[in-house]
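First comes the structure, then the notes that go with it.
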Ligand SMILES: [Zn+2]
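In our numbering, the protein residues as written are 5 to 742.
Below, the structure written as structure tokens:
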């Protein structure tokens, strides 16, 4: 059995070995030559994700919700930095070969073995001496570890500034930025103003520190490495009450309170600002943030009952035509973004105009541009009605009185037809719409309201007419002129009756419209006219961004505490979700631009590591005692290498046995992840028969057998890590070695 301390020292030494493999961490990025030292953490997986470790001489930010491993990882960097020479960033102990069981090189690369000067700012008051020493392997007795617990924020910002400018400090950890808080009197006032003041302070901190870095850069001096932790505080005033509905990807609506309480793994509808599309996105965080003193109720036009009604905290941001804005700053009459359905292409718009001139009606929602088209026909015209319905991808239904009817889906698309007005029993049509009249429009109108009085001798080609009893005379004149223009013959107009074509004009009329006359309505034209032939373009539903006016807004206070509870979810990538029937709401969690104190602030970090909340508070228990916890996340920004790499490792939080190994508090377990990584880079391959797995010269039936062999072998894990490093070195595009 391997003693843990030996294993530990080997892991540490391995980082050195890694450096050697990397030729002392000299890395070259694709676009420019940058010699970048890195402080490797004890997690191979994290180092892999961030291309070797924390970039030296740069600012890295660890962010994410509380209890996700940010502080531990920063402490681990402190512990590791103590073991490295701060001049050449190679291990002071030298390079140890676990196979030969000896140091193949003693001391650091440059031979100076320079002590790393570290400043640790514990603003959160969360320093735990025992944990730091045992779990994070920090030598807390060293004089080079400078510990600070600042009582004033201004003091903290200024001392860090002085430290950076001195050029004598190697590593600065700030835990955490979100805990920077202004003076006591501000704390006593409302939460909102604290958030605002805090934002100003954080902005100031970044400005000051950046200028210090810039000064060192200009003077050509060595810059310190900085790790800034940014806790996402749970006391954020940007939330919804539990009963607010969230639109799920499957179209259903769920109370946000239910999603949060059950930590539901659901996909919600979300708006992709870059692409301008609506898409499903996973919920990756669930938050309950206490209770609000008051909320805001606001109403928008357009819902099944005439409006959408939303309740939220007053800081909640919504998408306006000018960008994201807090609801408290959005006035009545301003518009905010909603999801709408649109399916009317040019063909269907034209078709609808015909229907509307004929028997159909559009039923608009109250106060809303959204409406639906209704078809209604008697039983012998049933097939014709079904055909019309099929064009809109809906089914016609036969009612009790044998009439056939269908309603299209609600859309904002019909609003272009508002130029058809029915006032005081008189129909008028705008010039713009009259101009849109085509042969198909008249053909549909004729099938609905037209009459054909037969092909007898007197009339030659019969007599076509369209009833328009309540159409305004001016409109009738213009419509008749338009019909003649597009070759539909010259009808005569009779106010209070409609349009009539004589025999000769009826021939012209029928020849043109016949291809649009459905077989069911063929009795309305002569038998020798061309056949029905309409090419209907494919029905497509698009969700589109639409801006809708707020027409009511008021503050809301309830004595029922449960109604004032603040809930929020974090949505991956887009950082927004839809509430109500499709109102786009911002989600503050996880979005760097809205992190506490991060209002509009551009962070000038080299690397951002986002820590994620685990689904399980403790990942494993032995005899009821939690023994390890998962720490994981994503490199969301990496200016010197590939970003968006994910990592996960287990951290032992108590002592336990694992495959015969004695695991101690603070040990890192990532065997399974390593096996996956080894497979990814071809270190573990398929044997010749394609069924078995091959690792080195051995064959294994299952991947789990490789795992067993690696874990039970005294140096298995370390050797596997080295094999992965070798494979990485050979692989293209990952990290280019100098
Ligand atoms: Zn050195």
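Note that CB positions come from ideal geometry on N, CA and C, so glycine has one too. Since we're looking at a predicted model, the values are computed, not measured.
Have a look at the DSSP bridge pairing and note the partners of residue i.
i	result
residue 551	341
residue 291	572
residue 469	455, 504
residue 636	652
residue 158	In the DSSP output, where bridge partners are listed per residue, residue 158 has none listed.
residue 149	122
residue 234	67
residue 663	DSSP, once it has assigned bridges, lists no residue as partnering residue 663.
residue 275	282
residue 355	For residue 355, which the question treats as bridged, DSSP gives no partner whatsoever.
residue 367	376
residue 46	Partner(s): none; residue 46 has no beta bridge.
residue 326	Answer is none; residue 326 lacks a bridge partner.
residue 415	375
residue 244	571
residue 433	424
residue 615	637
residue 177	124, 231
residue 299	560
Do you know offhand how far residue i's Cα is from residue j's?
i	j	result
residue 671	residue 78	15 Å
residue 557	residue 287	29 Å
residue 686	residue 46	23 Å
residue 457	residue 249	57 Å
residue 110	residue 157	43 Å
residue 150	residue 117	19 Å
residue 152	residue 131	10 Å
residue 301	residue 313	7 Å
residue 537	residue 382	23 Å
residue 91	residue 145	22 Å
residue 155	residue 211	21 Å
residue 163	residue 108	42 Å
residue 578	residue 641	16 Å
residue 178	residue 143	19 Å
residue 428	residue 473	13 Å
residue 209	residue 278	30 Å
residue 491	residue 481	16 Å
residue 751	residue 54	In the structure as shown, the chain starts at 5 and stops at 742, and residue 751 therefore has no counterpart that could be examined.
residue 701	residue 730	17 Å
residue 268	residue 257	13 Å
residue 501	residue 546	41 Å
residue 138	residue 667	13 Å
residue 529	residue 274	51 Å
residue 574	residue 205	25 Å
residue 715	residue 679	10 Å
residue 726	residue 103	11 Å
residue 336	residue 608	37 Å
residue 284	residue 437	38 Å
residue 467	residue 252	56 Å
residue 387	residue 400	9 Å
residue 440	residue 453	19 Å
residue 638	residue 647	8 Å
residue 112	residue 83	17 Å
residue 483	residue 434	10 Å
residue 124	residue 635	22 Å
residue 451	residue 340	42 Å
residue 350	residue 184	57 Å
residue 266	residue 711	35 Å
Pull up the CB-CB distance for residue i and residue j, whole angstroms please, since I reckon it's below 8 Å.
i	j	result
residue 120	residue 88	6 Å
residue 756	residue 44	In the structure as shown, the chain starts at 5 and stops at 742, and residue 756 therefore has no counterpart that could be examined.
residue 412	residue 377	4 Å
residue 317	residue 389	About 49 Å; that fails the 8 Å criterion.
residue 329	residue 321	6 Å
residue 115	residue 226	Contact doesn't hold; Cβ gap of about 18 Å is too wide.
residue 550	residue 416	6 Å
task = Go through the stretch 70-118 residue by residue and report every complete run of the beta strand (DSSP E) that reaches 3 residues or more, in order.
result = 99-101, 106-109
key: Nearest-residue set for ligand 1, Cβ under 7 Å from any heavy atom   = 89, 91, 92, 94, 112, 113, 114, 115, 116, 117, 118
ask   = Which runs of the alpha helix (DSSP H) spanning at least 4 residues fall entirely within the stretch 663-726, listed in chain order?
value = 675-684, 707-716
request  = Tell me the start and end of each unbroken alpha helix (DSSP H) in the stretch 475-552 that is at least 4 residues and wholly inside, in chain order.
outcome  = 477-489, 507-517
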